[in-house]
Each structure stands twice: as structure tokens, then as C-alpha cells.
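Chains as they are written, first to last, in our numbering: chain A, 61 to 171; chain B, 10 to 119. Single-structure report; data block below.
Now the structure itself:
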């Protein structure tokens, strides 16, 4: 059974719209993260949360908002989508500052 | 900002040969973590260690944080080892942030 679930696997959106990427982990970890991988770029850290509190935010744009409704959930809301937001978004979890485990990713395409 | 440099960018091996992948980072790290990225994109954690040497199966990770470098040794390579290997460093500050390199693409031929 997958321990980190990301939904949807693929997502196509139009410029200016809003989408929510879902992440749930069943590893019992207290920290969760979001990363982004764009074409030709290394994986890029976006946010980290521990016990549902923001630890670090490396995303300059306020269009990206994490939402944690439960301790094992960390969704990512993206508003006013732009073509440059096209990327694969990975959710990860771990005990804070220990080995991180990644979900399968959501591939977002913005037209 | 922090940078992670991986070398070589790509590597071609005959099945059974060994591989040595390098990772250098520009600032202090509290640990390195190595990942395998499948052709479909998903990431598999291979090894994570703050310093010294760690083994699992045919993989050995060595981290020398004082010298800002690490390596991943793959012994007796197999065709199924083909893919992209990513090095990531955690700079500290206890936020869990990982900074990734561009990766080493490994091809193992029969």
C-alpha cells in the first residue's frame, strides 16, 4: 500500500485558474514538505511543516499556499496559475530533519 | 544560496562494473541523502547519513561534512540500476529543507 498519497497524478489547468494538490501520509511522521521539479531544473524546496506549523517557506509567491487540515495532510493551493507553474510537485514526509520519503508526484500542466 | 554539484553528469557502465558518484556542496550540511529517480519520475530514498559511511545492499554512502563532499558507490552494477541518482543536502537550521543537485544519469548495459 502506498504510504504517501498524492492526488491527482496528472492535472491540466488554464492560466488564471486555481487548483489544489492533495497530499496524505500514513508513515506517522510529524513533518511534511512540498518540492517542485520543473523541466531541466533540480528539485526545488518550497515549504516545510512540522506538527502542522510552518517551519520554512522558500516560495516567493503568495499564490502558493499550503493547507494542513489534519496532521497527516498537507495540501497545496495554487491560485492565478501561470504557464511557468507547470512542473511536477512532490510531497514528502519525515521525522523532522531525518530521512525524507517522497510521494509519487502530481504533474501539473498550465495552458 | 546553497549549491549542490554532482559529478559525473552521466555515466555508462557494463553490467557488473562499479560506479562512484560524487556530490559537493557549497555550505555546511548536517546530512546528505541519496535518491534514485525512476524514469517515470518517482523518487526512492537510498541512503541518508550525517557523516561517515553507511551501507545497504550494493550501495555505500560516504559523507565528509567538513570537506563538504559525499559519494555514492554502487558495486556490481545491474541493468535495473539505470536511472537518475540525486544527491540532496540538508543545511541545518532544523527546517528539513533539502537542496538537490542536478543528478547523475546512469546507464548500465548488458
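Backbone N, C-alpha and C fix where the C-beta goes; we use that ideal spot for every residue, glycine too.
By Cβ distance, which residues of its chain are closer than 6 Å to residue i, with the 5 residues on each side in sequence left out?
i, result
"residue 78 of chain B", "33"
"residue 124 of chain A", "138"
"residue 86 of chain A", "63"
"residue 162 of chain A", "150, 152"
With a threshold of 7 Å on Cβ separation, who are the neighbours of residue i within its own chain once the five nearest residues in sequence on each side are excluded?
i, result
"residue 89 of chain A", "153, 154, 155"
"residue 29 of chain B", "80, 82"
"residue 90 of chain B", "83, 115, 117"
What residues in its chain sit with their C-beta under 8 Å from that of residue i, if we drop five residues either side in the sequence?
i, result
"residue 100 of chain B", "11, 36, 37, 38, 39, 106, 108"
Counting contacts by CB-CB distance shorter than 8 Å, is residue i in contact with chain B?
i, result
"residue 160 of chain A", "yes"
"residue 88 of chain A", "no"
"residue 118 of chain A", "yes"
"residue 102 of chain A", "yes"
"residue 150 of chain A", "yes"
"residue 70 of chain A", "no"
"residue 111 of chain A", "no"
Chain A beta carbons: is any one of them nearer than 8 Å to that of residue i?
i, result
"residue 3 of chain B", "Lying before the first or after the last residue shown, residue 3 of chain B is absent from chain B, which here runs from 10 to 119."
"residue 50 of chain B", "yes"
Strictly below 8 Å CB to CB, what residues from chain A border residue i?
i, result
"residue 54 of chain B", "159, 160, 161, 162"
"residue 110 of chain B", "102"
"residue 29 of chain B", "Within 8 Å Cβ-Cβ: nothing; residue 29 of chain B doesn't reach chain A, min ~21 Å."
At a CB-CB cut-off below 7 Å, which residues of chain A make contact with residue i?
i, result
"residue 107 of chain B", "105, 160"
"residue 42 of chain B", "159, 160"
Completely contained beta strand (DSSP E) runs for the stretch 97-148 of chain A, where each covers 3 or more residues: 104-110, 113-117, 124-127, 135-138
At least 3 beta-carbon pairs within less than 8 Å: the stretch 82-97 of chain B vs the stretch 55-71 of chain B: yes
Cβ contact (3+ pairs, closer than 8 Å) linking the stretch 67-86 of chain A and the stretch 126-133 of chain A: yes
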